[in-house]
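Asks: My structure is below; once you've seen it, I'll send some questions.
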Amino acid sequence: MTDGQFTKGHLITLLISSAIGVGFGAAWWFFGASSVSGGSTPLIVVGVAAVLGLAGWLVLTARRGAGLPAGGGREESPFGRRYGIAVLLMLVGIFAGARVFSAVFELPEAVPAWVLFVVGLHFLPFAKLFGSRRFLVLSAALCGVAVLAAVLATAGWTAAWQLVPGFGGAVVLWATVVAGLLATDRQGATSPAS
């Protein structure tokens, strides 16, 4: 994403992908919190605080990037055909796998881990599309969390089917957003808007 000078187009791509990460991280977090029997209120508060904090950081990053040079326009956007194909394949994989786990294996509790695993896989082509190896790390981490959920659940901790993908998926997605925003700040790509 930053082969040359960091531009408004790069910033817009960062903000869009980060907002997606914050949103889906929230979905995973609140799924995990809803799976906790009793006492989930503190977890909900933590989730809301994380979402608000990250959203605020995105807004500040957008404001500080107001003075960036133009460039990296729509024709260079990674959100094109290949992006759409990766998302479509992810959706097909999620629904097909969920059906197989539920109807064939009679293991519907494994669906959240399956979903997280497929979501992780769909990030593999993004490394090239977005020009950032961070997506390879994101892919490996999400797939690793999904496998960990399966291992723990198979070993006897059945709550792992929901808790590990829920909280683990959220933490990985939010950590990736934080890493992207920190890298942008460290590069000095944005500065206070005048």
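Using numbering that gives the first Met the number 0, you'd call the opening residue of the sequence shown number 0 and step up by one each time. In this text, a Cβ means the ideal position worked out from N, Cα and C, and glycines have one as well.
Phe166 lies in the alpha helix (DSSP H); which residues open and close that run?
Replies: Against the sequence shown, residue 166 aligns to sequence position 167. From DSSP, Phe166 is part of no alpha helix (DSSP H); its letter is neither H nor E.
Asks: Excluding the 5 residues preceding and the 5 following Arg73 in the sequence, name in chain order all residues of the same chain whose CB lies nearer than 7 angstroms to its CB.
Replies: As a working mapping, residue 73 is identified with position 74 in the sequence shown. Confidence in Arg73 is poor, its pLDDT being 49 and thus under 50, which makes the residue's placement too unreliable to answer from.
Asks: For the stretch 3-89, list the beta strand (DSSP E) runs that are entirely contained and at least 3 residues long, ordered along the chain.
Replies: Entirely contained in the stretch 3-89, not one beta strand (DSSP E) run reaches 3 residues.
Asks: What is the rounded straight-line gap between the Cα of His121 and the Cα of Ser76?
Replies: Here the question's residue 121 lines up with position 122 in the sequence shown. Here the question's residue 76 lines up with position 77 in the sequence shown. Looking at the two C-alpha atoms, the distance is approximately 18 angstroms.
Asks: What residue range is occupied by the uninterrupted alpha helix (DSSP H) comprising Thr153?
Replies: Counting from 1 along the sequence shown, the entry for residue 153 is found at position 154. Residues 133-153.
Asks: Below 8 angstroms on the Cβ atoms is my contact criterion, and I expect Thr60 with Leu180 to pass it. Report the Cβ-Cβ distance as a whole number of Å.
Replies: The sequence position of residue 60 within the sequence shown is 61, counting from 1. The sequence position of residue 180 within the sequence shown is 181, counting from 1. Sure, about 6 angstroms apart at Cβ, within 8 angstroms.
Asks: Just verifying my parser: in three-state terms, what is the DSSP assignment at Phe94?
Replies: Against the sequence shown, residue 94 aligns to sequence position 95. Reduced to three states, the DSSP call for Phe94 is helix.
Asks: Taking the alpha carbon of Phe166 as the reference point, which residue from Glu105, Asp184, Pro107, Ala140 has its own alpha carbon closest?
Replies: What you label residue 166 is simply residue 167 of the sequence shown in a count that begins at 1. The candidate whose alpha carbon is nearest that of Phe166 is Ala140.
Asks: For the stretch 145-162 and the stretch 107-120, state whether three or more C-beta atom pairs, one from each stretch, are separated by less than 8 angstroms.
Replies: Touching, yes, given that three or more Cβ pairs across the two stretches are closer than 8 angstroms.
Asks: Check Trp173 in the structure and name its three-state DSSP category.
Replies: Walking along the sequence shown from the start, residue 173 turns up at place 174. Reduced to three states, the DSSP call for Trp173 is helix.
Asks: Can you have a look at Pro258 and say buried or exposed, based on whether 16 or more other CB atoms are within 10 angstroms of its CB?
Replies: Nothing about residue 258 can be read from this structure; the chain reaches only from 0 to 193.
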